[in-house]
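Going by the UniProt record's numbering, 113 is the number at position 113 of the sequence shown; the sequence numbering is gapless.
Please read the structure below before turning to the comments.
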Amino acid sequence: MSTPHPDKPQNQDQDRTDPSPPHEETEDEGECGFCLFMKGGECRENFIDWEKCIEEGEKNNEDVVEKCFEVTSSLKKCMEAHPDYYGPILQAEKAAQQEAINQLDKEKEAMAAASDTEKQQQNH
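Structure follows, in structure tokens:
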């Protein structure tokens with residue numbers, strides 16, 4: 001009776017053939033989890049174009065919102081066309097926008113209340 005590969009630990013073999021790279025390798029390469037996710041779907045090329053535009057704009061101290069408006073719109077349209085994959089990202093973006101709106105509303109209310117208090121104090 002012999003073992004298949006007595007000198008070769010099976011764990012080592014599994015690590016090498018595992019299609020998903022270990023987390024630390026992706027960090028060394030500079031690929032964030034979000035980037036890997038975005039490149040894993042149908043909008044890979046749109047995302048790469050967007051990423052290049054942002055990097056170039058930041059390097060040249062340009063307004064990336066203005067510079068990358070077209071590629072950002074293209075990426076968003078692509079993501080909306082593939083909600084099965086990009087749905088969680090779109091939902092998170094929508095939630096973040098709503099939270100920002102709620103925060104602005106709270107700030108406006110606080111400013112209005114402060115203004116009313118100031119007016120009342122001036123009238124007395």
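Positions of the beta carbon are idealized from the N, C-alpha and C atoms, including for glycine.
What you are looking at is a predicted structure, and each value in this text was computed from that prediction instead of being measured.
Buried or exposed: which applies to residue i, given that a residue is buried once 16 or more other Cβ atoms fall within 10 Å of its Cβ?
i	result
Ala-112	exposed
Cys-53	buried
Leu-36	exposed
Cys-32	exposed
Does DSSP classify residue i as helix, strand or coil?
i	result
Asn-61	coil
My assumption, with CB atoms under 8 angstroms, is that residue i sits in contact with residue j. Please give the rounded CB distance.
i	j	result
Glu-42	His-82	5 angstroms
Val-71	Asp-49	5 angstroms
Asn-102	Cys-78	The pair is not a contact, with the Cβ atoms about 28 angstroms apart (cut-off 8 angstroms).
When the Cα atoms are used, what is the spatial distance from residue i to residue j?
i	j	result
Glu-80	Gln-121	52 angstroms
Met-38	Ser-115	46 angstroms
Asp-105	Glu-99	10 angstroms
Glu-93	Lys-59	25 angstroms
Lys-67	Ala-95	25 angstroms
Tyr-86	Gln-97	17 angstroms
Glu-107	Glu-55	33 angstroms
Gly-57	Pro-88	27 angstroms
Lys-76	Asp-84	14 angstroms
Asn-61	Phe-69	16 angstroms
Leu-90	Thr-117	41 angstroms
Ser-74	Glu-109	36 angstroms
Lys-119	Arg-44	56 angstroms
Gly-40	Phe-34	10 angstroms
Asn-123	Asp-63	46 angstroms
In the UniProt domain "GCK" (30 to 104), which residue ranges form an unbroken alpha helix (DSSP H) of at least 4 residues, counting only runs that do not cross its ends? 33 to 39, 44 to 59, 64 to 67, 69 to 81
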